[in-house]
DNA sequence: CATAAATTGCGACAAAGTTGCAAAAATAAT
DNA sequence: ATTATTTTTGCAACTTTGTCGCAATTTATG
Ligand SMILES: [Zn+2]
Ligand SMILES: [Zn+2]
Ligand SMILES: [Zn+2]
Ligand SMILES: [Zn+2]
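See the structure below:
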C-alpha cells in the first residue's frame, strides 16, 4: 500500500481528520535518512511550526513515527508499519546514519529478554555508534 | 574505586580541573534512575544552569555520562566505566526505567553486527519499551 | 604564597517546544 | 450540493531548554 493511503487509513481508524498538513509531514519523512525536528520543520515550509509539532505528536501516539537518539540530537523516522523494521548505526565522526537490515535472531533475543523481566514489549530500539568505513582512516582519537 | 576518585582521575588524565561543581554533578547522577537535564539542574541547585550544561557536555566528551532516549525526553546516566554496562526497559505507562543486567551473548551479537557493516563499534544502546508488570492490568489500549 | 590558566556565575540571548483562540478546513447531516 | 458541526490550522504570545561573552572566582603550577 502507498504510504499516503496508509496514513489515511490509520487516521480514519482513530477518528482523526485527513488534512493537507498531515500529508505534507508524512511526505517529508519519507526520505531515506531520519530527520531532526528542525530539518522537518524546514521541509514543511508552508506549514506552521506548531502544526508540525502537533502532527508529530499525533503520529507518535498512533505509532506512525518514532524518535531515535542519533548521537547528540534525536531524529524522527517513519515507524515499522511504514518502513521495514530496522536498527541504525551512526558514525560518530561524519554523523551519517546507516540502516541495518533486520536480523530475526536478534529480534527473538530481545523478545525473550523482555519476557524475562515481565515486560509486555511494545517496541524497541538499537543504536550502534562508531566509525564508518570512510571515517576510520581519517580519525585517530575520538 | 569510589566514583568521586575515578572522576578525579579521568579529569586529570585529560588535563581538566577537578572542581566542586563537577563533583556535585557527578554526585547527582549517582542515584539509581537516569535523570532528565531538568531534574539534574534541580538536584544541583547551588550550581548555575550553564555550568551544569557545560559539565554534562564535558562528561559526555570524556565518556563519563551517556544520554539515552527514555520515551519522550532524553535522560542522562553514568556510562559503563562508572556503572556496570546495561540496557533499559521503559514502561510506556508509568515511565519507570528498569535496568537490564548484562547479557554476554547479546553483546557478542551486536559486535558481530557492527563488523558486518564495517563499523568500528564504540558504543551502543538498547531501549525496550512496553508495559511493566504493575501497569499491564491497568492499561487496555495505549 | 604568588602567578598563570581554567572554570564559574551572571545576564543576555537564541533555539526549541507549548498554548489559547479566532479563522479555515474537514467531516457529518440535511 | 448546502449547511451545520467538529476538528484542525495559523498566529502570536509565551515557557522551557540550551548557548555565549565576559568579569570575578577558583584551581593548578611552581
Ligand atoms: Zn563517518
Ligand atoms: Zn528490532
Ligand atoms: Zn509501568
Ligand atoms: Zn550492551
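Protein chains in written order, with the numbering used here: chain A, 1 to 142; chain B, 1001 to 1142.
Cβ atoms here follow ideal geometry from the backbone N, Cα and C, with glycine treated the same way.
Could you check whether the Cβ of residue 134 of chain A sits closer than 8 Å to any heavy atom belonging to ligand 1?
Within the first chain, numbered from 1, the residue matching residue 134 of chain A stands at position 134. Residue 134 of chain A: yes, Cβ under 8 Å from ligand 1.
Going by C-alpha distance, which of A/93, A/17 and A/12 is nearest residue 1061 of chain B? The residue you call residue 1061 of chain B lines up with position 61 of the second chain. Considering only alpha carbons, the answer is A/93.
Q.
Is residue 78 of chain A close to chain B? Criterion is C-beta to C-beta, closer than 9 Å.
A. Numbered from 1 along the first chain, position 78 holds the residue referred to as residue 78 of chain A. So no, residue 78 of chain A is outside the interface.
Next on the checklist: Beta-carbon within less than 8 Å of residue 141 of chain A's beta-carbon, same chain only, minus the 5 sequence neighbours each way: which residues are those?
Outcome noted: In the first chain, residue 141 of chain A corresponds to position 141, counting from 1. Its pLDDT being 49, under 50, residue 141 of chain A is placed unreliably in this model, and the value from its coordinates should be taken loosely. No residues qualify anywhere along the chain.
Exercise for review: Could you tell me whether the Cβ of residue 1127 of chain B comes closer than 9 Å to any Cβ of chain A?
Suggested key: Mapped onto the second chain, residue 1127 of chain B falls at position 127. Interface residue, yes.
Give a yes or no on whether the minimum CB-CB distance between residue 32 of chain A and chain B is below 9 Å.
Numbered from its first residue, the first chain carries residue 32 of chain A at position 32. No - not a single Cβ of chain B is within 9 Å of the one on residue 32 of chain A.
message = If I follow the unbroken beta strand (DSSP E) through residue 5 of chain A, where does it start and stop?
response = Here residue 5 of chain A is taken as the residue at index 5 of the first chain, counted from 1. No beta strand (DSSP E) holds residue 5 of chain A; the alpha helix (DSSP H) holding it covers 3-13.
Residue 46 of chain A: contacting residues in chain B (beta-carbon distance under 9 Å): The count along the first chain starts at 1 and reaches residue 46 of chain A at position 46. Chain B residues near residue 46 of chain A: none, gap ~27 Å exceeds 9 Å.
Integer-rounded CB distance, given that residue 65 of chain A should sit under 8 Å from residue 77 of chain A: To locate residue 77 of chain A, count along the first chain from 1; it is residue 77. To locate residue 65 of chain A, count along the first chain from 1; it is residue 65. The pair is a contact, with the Cβ atoms about 7 Å apart (cut-off 8 Å).
C-beta neighbour in chain A for residue 1094 of chain B, strict 9 Å: In the second chain, counting from the first residue as 1, residue 1094 of chain B sits at position 94. Output row for residue 1094 of chain B: interface = no.
Does the beta carbon of residue 1113 of chain B fall short of 8 Å from some heavy atom of ligand 2? Numbered from 1 along the second chain, position 113 holds the residue referred to as residue 1113 of chain B. Checking the Cβ of residue 1113 of chain B against ligand 2 gives no.
Worksheet item: Buried or exposed: residue 1114 of chain B, going by 16 or more other Cβ atoms within 10 Å of its Cβ?
Response: Along the second chain, read from residue 1 onward, the residue named residue 1114 of chain B stands at position 114. Under this definition residue 1114 of chain B is a buried residue.
Practice task
Keeping to the same chain, check which residues put their C-beta closer than 6 Å to that of residue 110 of chain A; ignore five residues upstream and five downstream.
Solution key: Taking the first residue of the first chain as position 1, residue 110 of chain A is located at position 110. Taken in chain order, the residues that qualify are 124.
Cα separation between residue 1029 of chain B and residue 2 of chain A? Here residue 1029 of chain B corresponds to residue number 29 of the second chain, with the count starting at 1. Here residue 2 of chain A corresponds to residue number 2 of the first chain, with the count starting at 1. Roughly 46 Å between the two C-alpha positions.
Return yes when the C-beta of residue 93 of chain A is under 8 Å from any heavy atom of ligand 1, and no when it is not.
-> As a working mapping, residue 93 of chain A is identified with position 93 in the first chain. Residue 93 of chain A: yes, Cβ under 8 Å from ligand 1.
Would you say the stretch 1045-1056 of chain B touches the stretch 66-75 of chain A, given that touching needs at least three Cβ pairs under 8 Å? no
**Asked** Roughly how far, in whole angstroms, is the beta-carbon of residue 130 of chain A from the beta-carbon of residue 1082 of chain B, given that I think they are within contact range, below 8 Å?
**Response** Sequence index remark: in the first chain, residue 130 of chain A carries index 130 (1-based). Sequence index remark: in the second chain, residue 1082 of chain B carries index 82 (1-based). Not really, about 21 Å apart at Cβ, beyond 8 Å.
Which residue from A/24, A/59, A/58 and A/57 puts its Cα closest to that of residue 42 of chain A?
Locating residue 42 of chain A in the first chain gives position 42, where the first residue counts as 1. With distances taken between Cα atoms, residue 42 of chain A lies closest to A/24.
- Task: May I have all residues whose beta carbon comes closer than 6 Å to any heavy atom of ligand 4, sorted in chain order?
- Result: B/1085, B/1087, B/1107 and B/1124
Beta strand (DSSP E) runs wholly inside the stretch 1045-1106 of chain B, at least 3 long, in chain order
1065-1070, 1073-1078, 1087-1091 and 1097-1100
Query raised in the report: Does the Cβ-Cβ distance between residue 1040 of chain B and residue 69 of chain A come in under 9 Å?
Result: Counting from 1 along the second chain, the entry for residue 1040 of chain B is found at position 40. Counting from 1 along the first chain, the entry for residue 69 of chain A is found at position 69. For residue 1040 of chain B and residue 69 of chain A, no; Cβs fall outside 9 Å.
Should residue 1128 of chain B be listed as close to ligand 2, given that the test is whether its C-beta is under 8 Å from any heavy atom?
The sequence position of residue 1128 of chain B within the second chain is 128, counting from 1. Outside the cutoff, so no.
**Request:** Taking only the alpha-carbon atoms, compute the straight-line gap between residue 1090 of chain B and residue 1132 of chain B and give it to the nearest angstrom.
**Result:** Along the second chain, read from residue 1 onward, the residue named residue 1090 of chain B stands at position 90. Along the second chain, read from residue 1 onward, the residue named residue 1132 of chain B stands at position 132. Rounded to the nearest angstrom, the two C-alpha atoms are 8 Å apart.
(Q) Could you check whether the Cβ of residue 133 of chain A sits closer than 9 Å to any Cβ belonging to chain B? (A) Counting from 1 along the first chain, the entry for residue 133 of chain A is found at position 133. Judged by the 9 Å Cβ criterion, residue 133 of chain A is in contact with chain B.
Query raised in the report: Checking contacts by CB at 9 Å: is residue 69 of chain A closer than that to chain B?
Result: If you number the first chain from 1, residue 69 of chain A lands on position 69. At least one chain B Cβ lies under 9 Å of residue 69 of chain A.
Notebook entry, point to check: Cα separation between residue 1057 of chain B and residue 8 of chain A?
Noted result: If you number the second chain from 1, residue 1057 of chain B lands on position 57. If you number the first chain from 1, residue 8 of chain A lands on position 8. Cα to Cα, residue 1057 of chain B sits roughly 42 Å from residue 8 of chain A.
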